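Working notes, structure below.
There are 2 protein chains.
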Amino acid sequence: MHEQKISTADRILQAALQLMKDKGFNLVTIKEIADAANVSEMTVFRHFETKKGVLEAAIEKNKVVPSFKHTFTKHITWELEQDLSLIAHAYLDVMEGNESICLIAIQERFTLPELADLISDHTEQLKVAITEYFDQMQAKGKMMTLDSYTQASMFLAMLFSFFMSTALWEKRFINMAKEEFIANSVRTFCHGIKKQ
Amino acid sequence: MHEQKISTADRILQAALQLMKDKGFNLVTIKEIADAANVSEMTVFRHFETKKGVLEAAIEKNKVVPSFKHTFTKHITWELEQDLSLIAHAYLDVMEGNESICLIAIQERFTLPELADLISDHTEQLKVAITEYFDQMQAKGKMMTLDSYTQASMFLAMLFSFFMSTALWEKRFINMAKEEFIANSVRTFCHGIKKQ
DNA sequence: AACAAATGTTAGTTACCACTAACAATCATT
DNA sequence: AATGATTGTTAGTGGTAACTAACATTTGTT
């Protein structure tokens, strides 16, 4: 178990996650995974016992656990645009890191509901942090008096939409680069579009 | 073929769409569909030949085709908040009408890509209409000078997010009613959140 | 009542796939 | 070179599900 290059187990997990992300858990066969990882079917079973075992191991190995608290305590500047841009990047980075897991969570939301929990926990955690941030910004008089939790939901909703649409259909729905989308959403979110 | 109540074929299509929406095309069996529609397996095959045939017929029968042009030409008031609220309702109504189709389009985005086209065509159509609307609002001096297509994308992104998250996970991600979400997104989109 | 269309029943075919078992080949480490 | 661990090969089992075929039953219409 001295994994020097990429161990056999890791190659299997990588292949499995990639395939399941595209085709969904049920449509991927062990044979496909084995071929993609350049091993025999038997090797897959010897490592992970069952097909579901492969998925669980793949998720455990590849999931990105965010540390939003760190982001907030270390990098907040109390400048609205700058902070929201930072938060947006932090959120999208985590979501992108978990892209495969998210897509599988959607496809298997009835058969593997615990997967969706993983994602929604991250989102809720961040939502609460943003809520607190908005409360303090209102106290500082740098933000309008609005329900903080609702506004946090709205902000994350825009970002979620970008992530989801690019993960599912690439540029088909939102034809913007990540930076451009963040810049625009932060701008619009802070200033609105109405004149005067 | 004098469909008086609900014809057998329609009952099958209804059951099929409902089941596929939840479990995905592949995980639904013809037997399940037949049971849900209170017919025998054979009846399903006699009507639609293949499983894919069932899905295609169900989509053809149940898809909602929007008439956004009508919405714009008839109901626009050139008051930003009011119009955006109207547009938001129109969009979400169409998406909700196509909810099952959308969910299947996601699950089968590699096997049935034409399904996603249906949805993205609607969205693009509306995006173009909003773009023109923004152009005219800018000409009227009622809106800031911003790239109209980009802003239209941002607005639809917020709505798309609401639709998607409720369709996939109900209240888990966005815990707001439709009206509340629309009111907030229109408000934030028009006025922003920053003080002065 | 009589006929035809729609539906039910039953049995079976075919294909796929998760998973097992037994044995052979390879590889790494000493 | 020897040994133990890892991987490959092959054959098979059991279950499931799409789809077919033949025949029986029900239902609607005249």
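Chains as they are written, first to last, in the numbering used here: chain A, 8 to 203; chain B, 8 to 203.
Where a beta carbon is used, it is the ideal one built from N, C-alpha and C, also for glycine.
Model, not experiment: these values are computed from the prediction.
Any Cβ of chain B closer than 8 Å to the Cβ of A:D29 would place that residue at the interface, and such an atom is present. With a cutoff of 8 Å on beta-carbon distance, A:M165 and A:L87 are scored as not near each other.
Counting only the Cα atoms, B:E106 lies some 21 Å from B:T36.
Taking 8 Å as the cut-off, the Cβ atoms of B:F180 and B:S172 count as close.
By the rule that beta-carbons nearer than 8 Å mark a contact, B:R53 does not touch chain A. Chain order gives the chain A residues near B:Q158 as N191, T195, I200, where near means a beta carbon separation below 9 Å. Non-local beta-carbon contacts of B:G104 in its own chain, meaning distances under 7 Å to residues more than five positions away in sequence, involve V71 in chain order. Pairing B:F196 with B:L91 gives a Cβ-Cβ distance under 8 Å. Of all alpha-carbon atoms in B:T130, B:T84, B:T15, B:T118, the one lying nearest the alpha-carbon of B:D100 is that of B:T130. Of the candidates A:M49, A:W85, A:L122, the residue whose Cα lies closest to the Cα of A:I108 is A:L122. Using a Cβ-Cβ cut-off of 8 Å, B:M165 is close to M161, A164, M165, S168 of chain A, given in chain order. Along the stretch 107-135 of chain B, the positions whose C-beta sits under 7 Å from a C-beta of chain A are I113, Q114, R116, F117, A123, S127, T130, read in chain order. With the criterion set as a beta carbon lying under 8 Å from some beta carbon of chain B, the members of the stretch 170-181 of chain A are M171, S172, L175, W176, R179, F180, I181, in sequence order. When 9 Å is used as the limit between beta carbons, A:M151 is near these residues of chain B: H198, G199, I200, K201, K202, in chain order. Contact of A:N33 with chain B is assigned, a C-beta pair being separated by under 8 Å. From the beta-carbon of B:M102, no residue of chain A is found nearer than 9 Å; the closest lies around 12 Å away.
For B:T152, the closest alpha carbon among the candidates A:Q89, A:G199, A:M150 is that of A:G199. The bridge partners DSSP lists for A:M150 are B:K201.
A Cβ-Cβ separation of about 6 Å places B:L26 in contact with B:A43 under the 8 Å criterion.
Taking a 10 Å sphere around the C-beta of B:P120, we find fewer than 16 other C-beta atoms and assign the residue as exposed. The beta carbon of A:R18 sits closer than 8 Å to the beta carbons of A44, N45, V46 from its chain, once the five residues preceding and following it are set aside; these are given in chain order. Contacts with chain A (Cβ-Cβ distance below 7 Å) from the stretch 80-92 of chain B involve L87, listed in chain order. Residues of the stretch 38-62 of chain A with a C-beta less than 8 Å from any C-beta of chain B: none at all. Excluding its 5 nearest sequence neighbours in each direction, A:I137 has C-beta neighbours in its own chain below 6 Å: A159, listed in chain order. Residue range 37-43 is occupied by the alpha helix (DSSP H) that includes B:E39. A buried status is given to B:M102, since no fewer than 16 other beta-carbon atoms sit within 10 Å of its beta-carbon. Positions of the alpha helix (DSSP H) runs, each at least 4 residues long and wholly inside the stretch 116-197 of chain A, are given as 120-146, 155-176 in order along the chain. Between the alpha carbons of B:S14 and B:Y98 lies a gap of roughly 30 Å.
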